[in-house]
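Novice: Please read through the structure below; I'll follow up with questions.
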Amino acid sequence: MTQTARIPGRRLLHSPGPTPLPEEVLDALRRQPMDLGDPRVSATIDTCERGLRRLLCTEAADVFFYAANGHGAWEVVVENLVPPGGAVLIPGTGHFSESWAVQTEALGRRVVRTPWVEGLPIDLAAVQQALRDDRDHAIVAVFAVHTDTSSSATTDLPALRAAIDATGHPALFVVDAVASLGAMPVPMDALRANVVLSASQKALMTPPGVAIVAVDAQAAAVAARNPGPRFYWDWRPRQSELSYRKFCGTAPQNLMMALEAALGLIFLEGEDAVFARHRLLARTVQAAVEGWRTAGALDFFVRDPAARSVSVTTITVPPGTDVDAMRAVARDRFQVAFAGALGPLAGRGFRIGHLGDQNAASILGALGGVQAALRVMGVPHGDGMARAVECLAAGDA
Ligand SMILES: *Cc1c(COP(=O)(O)O)cnc(C)c1O
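So for the sequence shown, the working numbering puts the first residue at 51; every next one is plus one.
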């Protein structure tokens, strides 16, 4: 690409990750790296560990950070918890549950899947059936995606936990909270989740590059009995006071300083306020979709309003709509970047991210850019903007 002219103002980033970075996070990134023994390195890691425990409402879970992305966090739980040839249950949520399943199988483990029904969250009855069918308890863990960032459906985790309990199956409960942590409550202890994993670049407002894995004592005990070979991902050597061992080498210092700053912002605003802001902005986007869909062309991908995510909204388009061209129009002419649909949904819809460092103005900007792009592309739509403004004017309810 040739050098392009400076873009005046700011391009609004509404992919469901990576998300925009607050100034305080950018400031952390421009600091000088430090000598490995500098106590500030350990202090930053320590603050991040305590911050994650606070955000996850957990007293005792161990928090591990990896220089990796969400796929790295997926590999962490497979390699630590599941012996070679062992089995896990991955309930279908869409593209992300399937990608995790494919990765788990590539690592030589067996995956039991429950079917994914488009537009719906996890099918609890199918999970129960799969666990009841597993009479000899070969399934080591249930790997559940909380918010599937492709479908934009969120599964009710307390209901899933209760469904698993009702079967009496001892499988560990492992939650992928990559798209939800920082946007809505993920109370690890109350959910009796044995492992919660996440990544830095979504609601946590930090650049891509840090995978986060919180592990309770029961999961740590299962891992300790797993004879499978592992090294970089292994939890045991990372249970150390030394930052060099915690990271199996040099810590990604600036990313950890950025995460420290981002967690500080979340606690300054207050977790409840952060979650309420996400609910209001999600409702605003949903109000816009309600307006757009009146023309009969666009619709929600997630049919059940209760299952619609606070982080991202997937919107279906009529067959023949060129989603990539529409994204290019929005990006190049209106400075709004949003995402296409993934996997089996590719070409059938688009996604608006509304997680992380977002506010009413950024959401109105995004919705305006999308509506203008719909207009340029000739996609029939009602007035979503008016509904979004009404929703924001009504405020939090
Ligand atoms: C983004 C995402 C991932 C993958 O994260 P990467 O950092 O892109 O590897 C996994 N699970 C969910 C739910 C996600 O939203």
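Glycine included, each C-beta is placed from N, C-alpha and C at the ideal position.
Go through the segment 102-164 residue by residue and report every complete run of the alpha helix (DSSP H) that reaches 4 residues or more, in order.
Specialist: Runs found: 120-131, 145-156.
Novice: So, with DSSP's three-state summary, where would you put residue 172?
Specialist: Looking up residue 172 in the sequence shown gives position 122. If DSSP states are grouped into helix, strand and coil, residue 172 belongs with coil.
Novice: Look at the alpha carbon of residue 207 and the alpha carbon of residue 55, and state the distance between them as a whole number of angstroms.
Specialist: Taking the first residue of the sequence shown as 1, we reach residue 207 at position 157. Taking the first residue of the sequence shown as 1, we reach residue 55 at position 5. Going by the C-alpha atoms only, they are around 47 Å apart.
Novice: Exposed or buried, residue 404, counting other C-beta atoms within 10 Å across all chains shown (16 or more means buried)?
Specialist: Reading the sequence shown from its first residue, position 354 is the one you call residue 404. By the neighbour-count rule (16 or more Cβ atoms within 10 Å), residue 404 is buried.
Novice: Got a sec: does ligand 1 put a non-hydrogen atom nearer than 8 Å to the Cβ of residue 120?
Specialist: Position 70 of the sequence shown, counted from the start, is the residue given in the question as residue 120. Yes; taking the cut-off as 8 Å, the Cβ of residue 120 has a heavy atom of ligand 1 nearer than that.
Novice: At a cut-off of 8 Å, is residue 300 close to ligand 1 when judged by its beta-carbon and the heavy atoms of the ligand?
Specialist: Position 250 of the sequence shown, counting from 1, holds the residue named residue 300. No, the beta carbon of residue 300 sits no closer than 8 Å to any heavy atom of ligand 1.
Novice: Less than 9 Å separating the beta-carbons of residue 477 and residue 202?
Specialist: With the chain covering 51 to 447 only, the question about residue 477 has no answer from this structure.
Novice: Jot down the residue ranges of each uninterrupted beta strand (DSSP E) in the segment 343-396, minimum 3 residues, whole runs only, in chain order.
Specialist: As far as the segment 343-396 is concerned, its whole beta strand (DSSP E) runs of at least 3 residues are 362-366, 386-390.
Novice: With burial defined as no fewer than 16 other Cβ atoms inside 10 Å of the residue's Cβ, what is the status of residue 286: buried or exposed?
Specialist: Sequence index remark: in the sequence shown, residue 286 carries index 236 (1-based). By the 10 Å Cβ count, residue 286 comes out exposed.
Novice: Please state the DSSP three-state secondary structure of residue 325.
Specialist: Reading the sequence shown from its first residue, position 275 is the one you call residue 325. Residue state, collapsed to three classes: helix.
Novice: So residue 338 and residue 437 are supposed to be a Cβ contact under 8 Å. How far apart are they, rounded?
Specialist: Stepping through the sequence shown from its first residue, residue 338 is reached at position 288. Stepping through the sequence shown from its first residue, residue 437 is reached at position 387. Yes, they are in contact, since the Cβ atoms of residue 338 and residue 437 sit about 6 Å apart, within 8 Å.
Novice: For residue 409, count the other beta carbons within 10 Å of its own beta carbon; 16 or more makes it buried, fewer makes it exposed. Which is it?
Specialist: The residue you call residue 409 lines up with position 359 of the sequence shown. So residue 409 counts as exposed.
Novice: Go through the segment 209-276 residue by residue and report every complete run of the alpha helix (DSSP H) that reaches 4 residues or more, in order.
Specialist: Runs found: 238-241, 267-275.
Novice: Taking all protein chains shown into account, decide if residue 303 is buried (16 or more other Cβ within 10 angstroms of its Cβ) or exposed.
Specialist: Looking up residue 303 in the sequence shown gives position 253. Answer is buried; the Cβ neighbour count reaches 16.
Novice: Cβ of residue 55 within 8 Å of any heavy atom in ligand 1?
Specialist: On the sequence shown, residue 55 is found 5 positions in, with the first residue counted as 1. No; taking the cut-off as 8 Å, the Cβ of residue 55 has no heavy atom of ligand 1 nearer than that.
Novice: If you drop the 5 nearest sequence neighbours on each side, which residues of the same chain put their C-beta closer than 6 Å to that of residue 342?
Specialist: Here the question's residue 342 lines up with position 292 in the sequence shown. Contacts found: 348, 431, 432, 434.
Novice: For residue 392, collect the residues of the same chain with a Cβ closer than 6 Å to its Cβ; drop the 5 residues on either side in sequence, then sort them by chain order.
Specialist: The sequence position of residue 392 within the sequence shown is 342, counting from 1. Correct list, in chain order: 145, 200.
Novice: Does DSSP put residue 309 in a helix, in a strand, or in coil?
Specialist: Your numbering for residue 309 matches position 259 in the sequence shown. In the structure shown, residue 309 sits in a helix (DSSP, three-state: H, G or I).
Novice: Quick check on DSSP: helix, strand or coil for residue 317?
Specialist: Taking the sequence shown and counting its residues from 1, the one referred to as residue 317 is at position 267. Residue state, collapsed to three classes: helix.
Novice: In the DSSP output, what is residue 400 paired with across the bridge?
Specialist: The sequence position of residue 400 within the sequence shown is 350, counting from 1. According to DSSP, residue 400 bridges with 365, 390.
Novice: Measuring straight from C-alpha to C-alpha, what distance separates residue 77 and residue 309?
Specialist: Locating residue 77 in the sequence shown gives position 27, counting from the first residue. Locating residue 309 in the sequence shown gives position 259, counting from the first residue. Taking the straight line from one Cα to the other gives about 11 Å.
Novice: Taking the alpha-carbon positions, what's the residue 315 to residue 389 distance?
Specialist: For the purposes of this step, residue 315 is taken as the residue at position 265 of the sequence shown. For the purposes of this step, residue 389 is taken as the residue at position 339 of the sequence shown. Between residue 315 and residue 389, the C-alpha separation is close to 26 Å.
Novice: CB residue 180 to CB residue 195, shorter than 9 Å?
Specialist: Within the sequence shown, residue 180 is the residue found at index 130, counting from 1. Within the sequence shown, residue 195 is the residue found at index 145, counting from 1. Cβ distance not < 9 Å, so residue 180 and residue 195 don't count as in contact.
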